[in-house]
Every structure is written in structure tokens, then in C-alpha cells.
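One structure is given below, encoded as C-alpha cells.
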Ligand code: HEM
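Numbering (the numbering used here), first residue to last: 13 to 556.
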């Protein structure tokens, strides 16, 4: 009653003064806490309420690119109300690359709401559940038999892509029947479509027909795949892309805004609806495959894809030997968990691989000498067997210079700007003691362009990884972290390396590739990955 009386007696000016006082007290507290923090490090000044969101959200890549030169090997930002320490030196990140389990994130209510937090692998913070999922996932991807099968699928899919290029090239030329055509293409769009088609096949055994769909958009004749299949694939890809986009939204936009702020609430709801549609689609795919597997007589050869492997693991149809996790016997994987793993595989394997292919292509077009040396290496594989069209795993292991190019392109243009680690207990890093709850970002660009580690770090020079003298000098274990490291090492690394190598070899074996405009700056849109967009190249068939 007394409080009601006091509130009733307040004028508008009193209320305003009251809110201003609260606001000033908050600001004072915020900066007092900031200025008296333990182990203060350099970094951009955080703002109340948003921390350093404004520094990173507009151009994430630029921020991490400049982080080391502006603030040094160790600096800090404030993210989601907590300190985030950015490490840009191999020696500092080394501790996080051990086999000890590290979470990657603190608790994110938004990620929980969208349904990924604590599930599958990348967003899993529970050691036991993460181990369970990662073991299954790795088992599904790493065996040589599996990799060989996917090498064959890449060859076949490239043949289809090549057919589309040829058809568009001929449609573009005055003479429809010859191989004397040139075609301008958006390399980035084609290879996003390609990796999407491919990873969907790897994950579920079913294609998205993304390359056919992109071809149909540009061609006067349609691909041979039925329209309904292509449209279905399109819908599926759009739902996946929207889901990936929603992860960022649910991480950055706070719970209050998502639930009560009118326009934002609608966006959140549309993301949740998309999630439900996507999970329903995966449910359907999983149920269908379970039934197929159940009906298969024992001993029948199974399909090679992640879905089949996750369904059969630890069942009587299991041909591998997972069975135990530590000392515990583990159970087969539940459908909900399988869905999350499949979504993660598709999300993690599309943009990463497509972008690295684009960056490699850009570097090659900018460095004709490197390109020529690489083409000689590729041709040497084919010249040993003149009727060869496809390449096999054994051929790929001979492409040493191509591998060096991949590493060097990735060093200069990492697809991910950073990887994160979150400590649940006190820990010593870079000579400082950190309390539980500190988040670390391992700055990939900072490490990859560190002048103490890499001589002339801004120069594209694949010989760093080819010429053994140079390799010994400059490559220390954590100075190149393409696939992260330690317990969190990327389980898709072998598959991705094979796919990228094979695509390089096939594209440059069969096509001349030039940038349409050599002087045009790169268009990189940085979000979860550093997406290279609108990479216009001119292709024509190589006369071999
Ligand atoms: C060129 C392509 C790829 C690159 C550059 C790449 C890079 C990375 C990096 C840097 C990490 C973080 C590692 C860390 O925190 O230390 C990661 C994690 C991961 N990647 Fe990849 N990746 C690629 C392809 C793939 C593919 C094809 C798949 C699956 C089919 C995949 C699945 C995953 C998963 C599930 C994780 C989470 C691992 C964990 O947290 O334990 N990646 N990847």
C-alpha cells in the first residue's frame, strides 16, 4: 500500500529522474567493473548493453584480420556480457589443442530454444554426450572405404556439372556443336551448389539437385532431372540455409527482444517454424531409411552415408566396431540426435568447402606461374593412363603441389575467422590465470598471418608447404589451423581435403579458367564463414 502511494505521488519528471539515475548507475557500474577487471588487456572499448557487438557484427572478418596488428597477440572484447580473450599466437593457442575436452560456448538460451544446444557435436558442451556423437560421426566419415566411395561420387557429380557448363557454353556460342566456346560463370554460385549437392549425398544418401537447379535457372533447356525433385531439393536447401541463419539470430538477439519486440518476435517465430519443417523432413528421411535397413537381409551391403552409419551403429547390422565409450556400453543413436548430426554435417560441409575452392581459384588466377606448375602436376597424373577421366584416392595422394596450394590459400584466406573455447574451471593461458567462465577466440587469421611465424606473411607462396626446407622453418604445429585441433578437430577434414583436391584437379584438367576482372577486389561477406561472393570467371574447354 505504502509503495503504491509513493508511486502514485510521483510526477513524470520524478519518474524521468529516477530512470536517468538508474541508467547512470548502470553505466558507472559497467565501466567501473570494466576498468577494474583482473588481467586487463588491450582491445576496443565495449559499450554498455551491447559490449563490442558493433565492432564484430558489421565486419567480423575485418575485425579478426586487424585484431593482432591493432591490439597485439592477446587482447579482449566483450561479447554477450562476458569477456572474450582473443589469442593470435600459436604458442598461446597450443593449450587448447590438446585432447582435453573443451566446451566451445557458454550456455546460450537462444541456441537451446532453436534446439541445437547440447546436441550433436559443434554446439555440444556436455563431454559425455559430445564424445558419444563425435565417435559415431567420425566412424561414419573417416574409414578409407567411405572416403573412396565419396571420391567416386565427386567424380560423377563433376561430370554432371561439366555437362551443364558445356551445354551453357554451346548455347552461348554461335556454333552449337563445337567445343570452341567460352562462358562467364559465377564460380562461387556453382561451387556452393556443388558442395551442397555433394554433402547432402554424403549425409543422407539423397541429392538436393542444386547444380541442376542452378543450371535450369540459366539454360533454355532443362536438366534431365524431374522438376519435382529439383524443386524439393531447392526447398530443402533453403530450409537448411535459413536454419544456419537462425543460429546467428538466436545467438545474438536476446530472449526479451525475441519474445516481446514486435517485428523481431515475428522473425524469431518464422525461424522456429522453419526449424520444425526441417526436423519433420529429417524425421521422414530417417524413418524411411530405418525401414529400408530393417527389411534388408543380414549381410547385405549397406549404403555408404552418414545416415546409414548413424542408424546402424551399435545395432546388429553394425559392420564397424564402436560398441564402447570408455568402459560403458553405448546404445544406438536416437532419431532426434541423428537429425541434429545430419543438419550439422550439411551446414559444416557446404560453405566451408565451397569457399576454400573459390579462394584457391582466385589465388591461382592471380598467380599464373603457380597455376601453370599445378596444371603440369595434374596432367602428369593423367598422362600415365591416357584413357583416364576419373581420379581415384591413390591419384590424389600424388598431387603434392596441389596440396601445398590448398594450404597456402587457406593460410591467407581462412574460411573461418576463429574457433572458440570456453573454460569451465580456472585455467592458465598465455601467462595469465583465468577464472571459470572465460571465453577464448583462437584467431585463425591472426595466427596465419603472424610475421614472427610466417616470413612475408601477405605473399601467396605455396612453396612454403612444398619446398621441404621452407616447411621445416615456418610450419610449427599450430601455425596452420585449417581444421582446428585437439579434441575438437574437424571430423570432416579428410573428406573435405579429398573433395577440394579432386575438384581442383578436374576443373584445371578440363578447363581454362581466368578471372573476368583481375583487378576487382574480392567480395567477402563474413558471417559464420567468410563467404566469397560473385567470383566471376571465364571458362573454356582445354584442348588436351
Ligand atoms: C574445407 C572444409 C572444412 C573446413 C575448413 C573445416 C573447418 C573446421 C574447423 C576450423 C572446425 C573447428 C575445430 C576446432 O574447434 O578446433 C571444424 C569443426 C567441425 N567440422 Fe569442419 N571443416 C570443413 C569441412 C567439414 C565437413 C565436410 C564436415 C562434415 C561432413 C565438417 C564437420 C565438422 C564438425 C561436426 C565440427 C565440430 C567438431 C567438434 O566440435 O568437435 N567439417 N571444422
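Beta carbons: idealized from backbone N, C-alpha and C, even for Gly.
Compute the distance between the beta-carbons of residue i and residue j, then report whether it is under 8 Å.
{"i": "residue 318", "j": "residue 357", "result": "yes"}
{"i": "residue 510", "j": "residue 162", "result": "yes"}
{"i": "residue 352", "j": "residue 128", "result": "yes"}
{"i": "residue 115", "j": "residue 434", "result": "yes"}
{"i": "residue 63", "j": "residue 93", "result": "yes"}
{"i": "residue 207", "j": "residue 361", "result": "yes"}
{"i": "residue 456", "j": "residue 424", "result": "no"}
{"i": "residue 344", "j": "residue 327", "result": "yes"}
{"i": "residue 512", "j": "residue 316", "result": "no"}
{"i": "residue 79", "j": "residue 443", "result": "no"}
{"i": "residue 90", "j": "residue 118", "result": "no"}
{"i": "residue 494", "j": "residue 419", "result": "yes"}
{"i": "residue 394", "j": "residue 385", "result": "no"}
{"i": "residue 286", "j": "residue 251", "result": "yes"}
{"i": "residue 86", "j": "residue 53", "result": "yes"}
{"i": "residue 273", "j": "residue 379", "result": "no"}
{"i": "residue 514", "j": "residue 408", "result": "yes"}
{"i": "residue 374", "j": "residue 547", "result": "yes"}
{"i": "residue 169", "j": "residue 210", "result": "yes"}
{"i": "residue 492", "j": "residue 531", "result": "no"}
{"i": "residue 132", "j": "residue 364", "result": "no"}
{"i": "residue 474", "j": "residue 549", "result": "no"}
{"i": "residue 441", "j": "residue 83", "result": "no"}
Looking only at its chain, what residues have a beta carbon closer than 8 Å to the beta carbon of residue i, apart from the 5 residues adjacent to it on each side?
{"i": "residue 412", "result": "389 and 478"}
{"i": "residue 486", "result": "Low local confidence applies: a pLDDT of 49 at residue 486 is under 50, so the model's placement there is unreliable, with the coordinate-based value given in what follows. Only 465, 466, 467 and 476 meet the Cβ criterion."}
{"i": "residue 271", "result": "277 and 280"}
{"i": "residue 205", "result": "222, 223, 225 and 226"}
With a threshold of 6 Å on Cβ separation, who are the neighbours of residue i within its own chain once the five nearest residues in sequence on each side are excluded?
{"i": "residue 445", "result": "none"}
{"i": "residue 496", "result": "431 and 502"}
{"i": "residue 552", "result": "194 and 524"}
{"i": "residue 321", "result": "152"}
{"i": "residue 39", "result": "60"}
{"i": "residue 122", "result": "262 and 263"}
{"i": "residue 237", "result": "221 and 224"}
{"i": "residue 462", "result": "none"}
{"i": "residue 2", "result": "The shown model of the chain, from 13 to 556, leaves out residue 2, and the question about it has no answer."}
{"i": "residue 359", "result": "256"}
Leaving out the 5 sequence neighbours to the left and right, which residues in its chain are closer than 7 Å to residue i when beta-carbon positions are compared?
{"i": "residue 404", "result": "163"}
{"i": "residue 203", "result": "366, 369 and 370"}
{"i": "residue 219", "result": "209, 212, 213 and 245"}
{"i": "residue 301", "result": "319, 320 and 323"}
{"i": "residue 183", "result": "231 and 232"}
Name the DSSP beta bridge partners of residue i, please?
{"i": "residue 452", "result": "97 and 433"}
{"i": "residue 524", "result": "552"}
{"i": "residue 542", "result": "538"}
{"i": "residue 137", "result": "BP columns for residue 137 are empty, so no partner."}
{"i": "residue 115", "result": "434"}
{"i": "residue 445", "result": "440"}
{"i": "residue 376", "result": "In DSSP, residue 376 forms no bridge with anything."}
{"i": "residue 470", "result": "In the DSSP output, where bridge partners are listed per residue, residue 470 has none listed."}
{"i": "residue 197", "result": "549"}
Could you check whether the Cβ of residue i sits closer than 8 Å to any Cβ belonging to chain B?
{"i": "residue 146", "result": "Of the chains in the structure shown, none is chain B; there is only one protein chain."}
task: Spell out a yes or no on whether the segment 285-305 and the segment 133-150 are touching, meaning 3 or more CB-CB pairs, one atom from each, closer than 8 Å.
output: Contact between the segment 285-305 and the segment 133-150 is absent, because fewer than three Cβ pairs lie under 8 Å.
Alpha helix (DSSP H) segments (min. 4 residues) lying fully within the segment 288-352: For the segment 288-352, whole alpha helix (DSSP H) runs of length 4 or above, ordered along the chain, are 318-324.
query: Does the count of Cβ pairs from the segment 196-204 and the segment 363-376 closer than 8 Å reach three?
result: The segment 196-204, when compared against the segment 363-376, does touch it at the 8 Å Cβ threshold.
task: Flag this pair as touching only if the segment 97-108 and the segment 445-464 have three or more C-beta atom pairs under 8 Å; answer yes or no.
output: For the pair of segments examined, the segment 97-108 was found to touch the segment 445-464: the number of CB pairs separated by less than 8 Å reaches three.
- request: Mind listing, in chain order, the continuous beta strand (DSSP E) runs of no fewer than 3 residues lying wholly within the segment 24-99?
  value: Qualifying beta strand (DSSP E) stretches, in chain order: 86-91 and 94-99.
- request: Please confirm if the segment 513-525 is in contact with the segment 228-236, defined as three or more CB-CB distances below 8 Å between the two stretches.
  value: In short, these stretches do not touch, since the Cβ pair count stays below three.
- prompt: How do the segment 539-551 and the segment 244-261 stand: do at least 3 beta-carbon pairs fall below 8 Å, yes or no?
  reply: Judged by pairs of C-beta atoms under 8 Å, the segment 539-551 touches the segment 244-261, as three or more such pairs exist.
message: Would the segment 322-331 count as touching the segment 104-124 if we require 3 or more Cβ pairs under 8 Å?
response: Because the criterion of three Cβ pairs below 8 Å is not met, the segment 322-331 and the segment 104-124 do not touch.
Start-end ranges of the alpha helix (DSSP H) lying completely within the segment 226-289, minimum 4 residues: Correct list: 239-264 and 267-272.
message: Taking 8 Å as the cut-off, does the segment 72-84 touch the segment 24-31 (at least 3 CB pairs, one atom from each stretch)?
response: The segment 24-31 vs the segment 72-84: no contact.
- prompt: Which whole runs of the alpha helix (DSSP H) in the segment 352-432 are 4 residues long or more, in chain order?
  reply: For the segment 352-432, whole alpha helix (DSSP H) runs of length 4 or above, ordered along the chain, are 380-395, 405-408 and 412-424.
message: At 3 residues or longer, what runs of the beta strand (DSSP E) sit wholly inside the segment 145-228?
response: The segment 145-228 contains these whole beta strand (DSSP E) runs: 195-198.
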